[in-house]
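Novice: I have a structure here, written as structure tokens, and I will follow up with some questions on it.
Number of protein chains: 2
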Amino acid sequence: MTAPASEHRRQSPARRRVLDTAAALFYAEGLHTVGIDRIIAQAGVAKATFYHHFPAKDELVRAYLDEEYQRQRAAIEAMRTASIEPRQILLAIFEYLGKTGASAGFRGCPFTNAAAEYPDPAHPVRRTIAEYRRWSHTLFRDLLADAGDPDPERTATILMMLRDGIVVGSDLDDPNALRPVIRDALIRVLDGQTPPT
Amino acid sequence: MTAPASEHRRQSPARRRVLDTAAALFYAEGLHTVGIDRIIAQAGVAKATFYHHFPAKDELVRAYLDEEYQRQRAAIEAMRTASIEPRQILLAIFEYLGKTGASAGFRGCPFTNAAAEYPDPAHPVRRTIAEYRRWSHTLFRDLLADAGDPDPERTATILMMLRDGIVVGSDLDDPNALRPVIRDALIRVLDGQTPPT
DNA sequence: CTTAAGATAGACAGATCTGTCTGATACCGT
DNA sequence: ACGGTATCAGACAGATCTGTCTATCTTAAG
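Heads up: the protein sequence lines correspond to chains Z and W, in order.
1 is the number of the first residue of the first sequence in the numbering used here; add one for each residue after it.
1001 is the number of the first residue of the second sequence in the numbering used here; add one for each residue after it.
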């Protein structure tokens, strides 16, 4: 009746502490600048314990990104099962982007930031990033299709651009100047259909 | 009649070689992963010479970004003095973004990539990035004003989002799928004015 | 010619980082 | 009660990184 061994591992408190500490440090300071020593010290975990749960640092980075991915997926899935209007979900997503972008400690997108430090597209970390981005694009496409967009694939690609732009801009420019423009931008993209050239 | 000492320094061939090598390596592999040793080895420059021209590695990073900034500025300035229609310049800029985004070795925006590795907004590297982004925004705003946009400030902010989104997407997704959508996105933003809520 | 500046090779210090290993302790299910 | 698993503390190896320093060589201006 107990959970299998792999499950034990996943829910180990030490592992949990490492993951939480790593998430905070990685996001705030970057992947290469934060060393294992600092993570385990702050998490209060022995080095052997860390390497018992993660075969290497890259695997911790992967786990950090994967958890963030699952977190976002769960939040969106909750909205979709709540049977909210697809267009309302889109508005809510972009409203949320603006809000968190202007919140304290915001430091851009964990995935694009990670990509900047892992150039090799074949690297496992990059594969996780690619997975996340495929999911995002598919999510936009499906919502747009439900909302009756005439070309969901194309509009979803534009929404990805908008999303990335908001996140980058909130980090590098004044997020409060950006915030009131987001809704406008979204509406231009959603309602401004392009006449065939 | 000779150039002043500081000018000598700037145009030193060794310095030039270091800067070129650093630019290639930094862009392709990241800032923290590329060490001084590798740069000077590949540039064929002695360590003492390097530290004669740059007080520290961060200063090299700054110089690398600053040079990219000046390069872009010069290219744009050339277009503007050629008295091309402002809207045509905007179209050309975004066309260019799509083209380079799909070219071999593309690895995203040097500035946003650098920001991911330098979290502290007060750091000189971040200041250079901020300067570049202010210039970009101002450029968009002025072009839009010339082109008769009813709210150049606001539309410029949206164009910044679009720009960042294209660059990120070209790096992390399929750039060839993105390319044919760019013009559409740009036109939706430029022509789709939002009715006052 | 003299002198100052640019350049070279490479050793060196000091810090840091990843990953391994030892040895001991606590806990938990069977 | 036993055996596996998680955990701890910390030493250790090996690599790497930044920045300094010595000692020598070339070059060009005055």
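Where is the CB? At the ideal position from N, CA and C, for every residue including glycine.
Return the chain-ordered ranges of every alpha helix (DSSP H) run that is complete within the stretch 51-104 of chain Z and spans a minimum of 4 residues.
Specialist: Segments of the alpha helix (DSSP H) lying fully in the stretch 51-104 of chain Z: 57-81, 86-101.
Novice: In chain order, what residues of the same chain lie with their CB nearer than 6 Å to the CB of R62/Z, ignoring the 5 residues before and after it?
Specialist: P124, V125, T128, listed in sequence order.
Novice: Can you check which of these residues, A1041/W, P1119/W, Y1118/W, A1014/W, is closest to L1025/W by C-alpha distance?
Specialist: Comparing Cα positions, the closest option is A1041/W.
Novice: Under a CB-based cut-off of 8 Å, is R1188/W close to chain Z?
Specialist: So yes, R1188/W belongs to the interface.
Novice: Whose C-beta lies closer than 6 Å to the C-beta of Y69/Z among residues of the same chain, with five residues either side of it excluded?
Specialist: For Y69/Z, where only same-chain residues beyond five positions count, the Cβ hits under 6 Å are Y132.
Novice: Show which residues of chain W have a CB atom less than 8 Å away from the CB atom of H32/Z.
Specialist: Ordered by position in chain W, the residues that pass the 8 Å Cβ test against H32/Z are G1030, H1032, T1033, E1117.
Novice: Run the CB neighbour count on S136/Z, radius 10 Å, all protein chains shown included, and call it buried at 16 or more, exposed below.
Specialist: Buried, by the Cβ-count rule.
Novice: Please report how far the alpha carbon of A3/Z lies from the alpha carbon of A122/Z, in whole angstroms.
Specialist: Any reading at A3/Z needs caution, since the residue's pLDDT is 39, under 50, leaving its predicted position unreliable; the model's value is listed next. Distance between the alpha carbons of A3/Z and A122/Z: 33 Å.
Novice: Helix or strand or just coil, what does DSSP make of A1147/W?
Specialist: Three-state DSSP puts A1147/W in coil, outside helix and strand.
Novice: Hey, G169/Z and D1164/W: beta-carbon distance below 8 Å or not?
Specialist: Their beta carbons are under 8 Å apart, which means G169/Z touches D1164/W by this criterion.
Novice: Closer than 7 Å by C-beta to A156/Z: which residues in its own chain qualify, once you throw out the five before and the five after it? Chain order, please.
Specialist: Closer than 7 Å at Cβ, skipping near neighbours: H137, F140, R141, L144.
Novice: Could you tell me the distance, in whole angstroms, from the CA atom of H1052/W to the CA atom of P1013/W?
Specialist: Approximately 13 Å, taken between the alpha carbons.
Novice: Decide if R1015/W is buried, meaning its Cβ has at least 16 other Cβ atoms within 10 Å, or exposed.
Specialist: Buried: at least 16 other Cβ atoms inside 10 Å.
Novice: Taking the alpha-carbon positions, what's the Q1011/W to R1188/W distance?
Specialist: Rounded to the nearest angstrom, the two C-alpha atoms are 45 Å apart.
Novice: Which residues of the stretch 138-155 of chain Z have a Cβ closer than 8 Å to any Cβ of chain W? Give them in chain order.
Specialist: If the cut-off is 8 Å between Cβ atoms, the stretch 138-155 of chain Z has R154 near chain W.
Novice: Between which two residues does the alpha helix (DSSP H) carrying G169/Z extend?
Specialist: Run containing G169/Z: 152-172, per the alpha helix (DSSP H) assignment.
Novice: If you reduce the DSSP assignment to three classes, tell me which class V181/Z lands in.
Specialist: If DSSP states are grouped into helix, strand and coil, V181/Z belongs with the helices.
Novice: Shortest alpha-carbon distance to D120/Z belongs to which of R1017/W, I1093/W, L1090/W, A1028/W?
Specialist: Minimum Cα distance to D120/Z is reached at A1028/W.
Novice: From L31/Z, R38/Z, D191/Z, pick the residue whose C-alpha is nearest to that of R17/Z; which is it?
Specialist: Nearest C-alpha to R17/Z: R38/Z.
Novice: How many Å lie between A1114/W and Y1064/W at the Cα?
Specialist: Each residue's Cα considered, the two are about 10 Å apart.
Novice: Report the option in P1086/W, G1035/W, A1082/W, A1074/W whose CA atom is closest to the CA atom of D1146/W.
Specialist: The candidate whose alpha carbon is nearest that of D1146/W is P1086/W.
Novice: By Cβ distance below 7 Å, which residues in the same chain neighbour Q1193/W in space, the five residues on each side in sequence not counted?
Specialist: Here the set comprises P1150.
Novice: What's the C-alpha gap between C109/Z and V167/Z?
Specialist: Those two C-alpha atoms are separated by around 6 Å.
Novice: Can you name the residues of chain W whose CB is closer than 7 Å to the CB of R133/Z?
Specialist: Ordered by position in chain W, the residues that pass the 7 Å Cβ test against R133/Z are L1172, D1173.
Novice: If the criterion is Cβ atoms closer than 8 Å, does the pair I1182/W and L1090/W meet it?
Specialist: Not in contact: I1182/W and L1090/W (Cβ atoms no closer than 8 Å).
Novice: One question on the structure: do I158/Z and A1092/W come within less than 8 Å of each other, judged by their Cβ atoms?
Specialist: Against a cut-off of 8 Å, the Cβ pair of A1092/W and I158/Z comes out as no contact.
Novice: For A48/Z, is the classification buried or exposed, using 16 other Cβ atoms within 10 angstroms of its Cβ as the cut-off for buried?
Specialist: By the 10 Å Cβ count, A48/Z comes out exposed.
Novice: Whose C-beta lies closer than 6 Å to the C-beta of E117/Z among residues of the same chain, with five residues either side of it excluded?
Specialist: Here the set comprises L31, H32.
Novice: Measuring CA to CA, which of G44/Z, P175/Z, D20/Z, Q88/Z is closest to A104/Z?
Specialist: The residue with the shortest Cα to Cα distance from A104/Z is P175/Z.
Novice: Can R107/Z and D171/Z be called in contact, C-beta distance under 8 Å?
Specialist: Their beta carbons are under 8 Å apart, which means R107/Z touches D171/Z by this criterion.
Novice: How big is the Cα-Cα spacing for A75/Z and I36/Z?
Specialist: The straight-line gap from Cα to Cα measures roughly 30 Å.
Novice: Under a CB-based cut-off of 8 Å, is L1025/W close to chain Z?
Specialist: So no, L1025/W is outside the interface.
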